[in-house]
Amino acid sequence: MVAAKKTKKSLESINSRLQLVMKSGKYVLGYKQTLKMIRQGKAKLVILANNCPALRKSEIEYYAMLAKTGVHHYIHFLKIGLERMRQLNVVA
Numbered sequence: 001m002v003a004a005k006k007t008k009k010s011l012e013s014i015n016s017r018l019q020l021v022m023k024s025g026k027y028v029l030g031y032k033q034t035l036k037m038i039r040q041g042k043a044k045l046v047i048l049a050n051n052c053p054a055l056r057k058s059e060i061e062y063y064a065m066l067a068k069t070g071v072h073h074y075i076h077f078l079k080i081g082l083e084r085m086r087q088l089n090v091v092a
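Going letter by letter, the sequence shown gives residues 1 to 92 in full-length UniProt numbering.
In structure tokens, the structure reads:
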């Protein structure tokens with residue numbers, strides 16, 4: 001029971017931080033733009049949805065590793081998509 005509360009609380013924390021970033025406007029959406037930002041060294045964190053294709057996911061993880069950029073696997077991709085009114089695969 002305690003673990004469920006902690007998980008829900010951390011999920012709410014991540015959601016609130018995502019909303020803050022989206023409000024600030026300092027984010028890019030999509031595979032090509034994300035790779036471009038990683039290559040330029042401008043990406044600080046990459047958030048991958050769980051429905052992202054495996055090949056794209058591994059490519060993004062590889063480039064992020066080279067650029068020393070954090071990668072977070074976001075399980076609730078529908079919540080990201082609903083916030084932006086569409087489904088997303090990659091957010092950087």
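Backbone N, C-alpha and C define an ideal beta-carbon position, used for all residues, glycine too.
Hey, would you say Leu29 sits closer than 8 Å to Ile60, going by beta carbons?
Taking the first residue of the sequence shown as 1, we reach residue 29 at position 29. Taking the first residue of the sequence shown as 1, we reach residue 60 at position 60. Taking 8 Å as the Cβ cut-off, Leu29 and Ile60 do not qualify as a contacting pair.
On a CA-only basis, which of Leu45, Ser13, Lys57, Ser16 is nearest Thr69? Give me that one, please.
If you number the sequence shown from 1, residue 69 lands on position 69. Ranking Leu45, Ser13, Lys57, Ser16 by Cα distance to Thr69 puts Leu45 first.
Where do the ends of the beta strand (DSSP E) carrying Ala45 lie?
The residue given as residue 45 occupies position 45 in the sequence shown. Looking at the sequence shown, residue 45 is not Ala but Leu. Note, Leu45: beta strand (DSSP E), 45-49.
Determine the closest residue to Tyr62 out of Pro53, Lys42, Ile38, with distance taken between C-alpha atoms.
The residue labelled residue 62 in the question sits at position 62 within the sequence shown. Selected option, being the one with the closest Cα: Ile38.
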